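Student:
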Amino acid sequence: MLKSTFQHLKGIGKKSERSLWSKGFTAWEHYVASLPKQLSLFGDLSQYTPLSESISAYEKGDMAFFANALSTSEYYRVALEFPQDVLFLDIETTGLSLYYDIITIVGWSLGEEYCVYINGQDDTLLRKALAQAKVIVTFNGTMFDLKFIAKHFNAPAIPPVHLDLRFFAKRVGLSGGQKNIEKECSVRLPLSFGTDIDEAI
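According to the working numbering, the sequence shown is numbered sequentially starting from 75.
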């Protein structure tokens with residue numbers, strides 16, 4: 075999905091991207107292959123294109139590049155490109171105040187691995203997962219989870235691409251809190267983490 079994305083390029087919006095797709099440029103390599111090769115001053119063939127930085131960032135696993143270049147509404151493209159590197163995270167706290175309350179539990183999954191951190195335990199596995207993931211997915215994490223995570227763990231590494239499902243849900247007309255949305259979508263979870271903040275939204 076990410077290699078079919080052109081919206082991160084300057085001057086390319088949704089309409090322009092759809093136009094490129096309709097012309098057969100459904101992947102970066104299709105676009106690059108269509109460009110004429112130019113002879114450089116040193117006699118070799120130069121193939122610098124507007125996508126050169128994108129290709130380099132992709133090969134290096136530099137998701138910060140795409141986080142900075144894409145609008146947040148298009149972050150799902152990165153998640154679909156790297157499903158095994160998507161970290162789903164939820165927390166439970168003693169209350170809603172960032173200043174007076176603390177994290178009690180963090181639950182997360184990365185690939186096929188599911189883990190839980192309980193306050194006071196060794197946090198090595200959680201820090202490793204946060205550093206390893208390319209994308210983090212939360213519900214209302216922008217306003218709640220990630221702020222508590224940053225405070226409790228003293229600003230750990232956080233994946234640069236953050237999908238906040240609260241805002242993605244609103245785009246399709248779903249609101250009323252995480253649990254209400256789960257019910258509306260007929261989602262049944264074996265175990266649920268989170269404070270009443272999800273219900274208060």
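Ideal placement from N, C-alpha and C gives every residue a C-beta, glycine not left out.
Bear in mind that the values here come from a model prediction, so they are computed numbers and not experimental data.
#1: For S96, which residues does DSSP report across the bridge?
#2: When the Cα of N142 is compared with those of T167, I165, E91 and L83, which residue comes out closest?
#3: Would you call the CB atoms of F162 and S145 closer than 8 Å?
#4: Just reading off the alpha helix (DSSP H) that F222 is part of, what are its end residues?
#5: Report yes if the CB atom of D196 is closer than 8 Å to the CB atom of G181, and no otherwise.
#6: May I ask you to report which of helix, strand or coil DSSP gives T178?
#7: Going by Cα to Cα distance, which pick from F80, K88 and D159 is closest to S128?
#8: Of the residues E187, G87, I179 and G185, which one's Cα is nearest the Cα of G194?
#9: To the nearest angstrom, how far is the alpha carbon of L248 from that of F213?
#10: Could you name the residues that DSSP lists as bridge partners for S164?
Tutor: Taking the geometry as given:
#1: Counting from one through the sequence shown, the residue named residue 96 turns up at place 22. Per DSSP, none; premise fails for S96.
#2: On the sequence shown, residue 142 is found 68 positions in, with the first residue counted as 1. The residue among T167, I165, E91 and L83 with its C-alpha nearest the C-alpha of N142 is L83.
#3: Translated into the one-based positions of the sequence shown, residue 162 becomes position 88. Translated into the one-based positions of the sequence shown, residue 145 becomes position 71. Their beta carbons are not under 8 Å apart, which means F162 does not touch S145 by this criterion.
#4: Reading the sequence shown from its first residue, position 148 is the one you call residue 222. D219 to H226 is the span of the alpha helix (DSSP H), which, as asked, contains F222.
#5: Reading the sequence shown from its first residue, position 122 is the one you call residue 196. Reading the sequence shown from its first residue, position 107 is the one you call residue 181. With contacts defined by Cβ atoms closer than 8 Å, D196 and G181 do not form a contacting pair.
#6: To locate residue 178, count along the sequence shown from 1; it is residue 104. DSSP places T178 in strand when its eight states are reduced to three.
#7: Position 54 of the sequence shown holds residue 128. With distances taken between Cα atoms, S128 lies closest to F80.
#8: To locate residue 194, count along the sequence shown from 1; it is residue 120. The candidate whose alpha carbon is nearest that of G194 is I179.
#9: On the sequence shown, residue 248 is found 174 positions in, with the first residue counted as 1. On the sequence shown, residue 213 is found 139 positions in, with the first residue counted as 1. Spanning the two alpha carbons is a distance of roughly 12 Å.
#10: Taking the first residue of the sequence shown as 1, we reach residue 164 at position 90. The amino acid occupying residue 164 in the given sequence is Asp; Ser does not appear at that position. As computed with DSSP, D164 is found in a beta bridge with G181.
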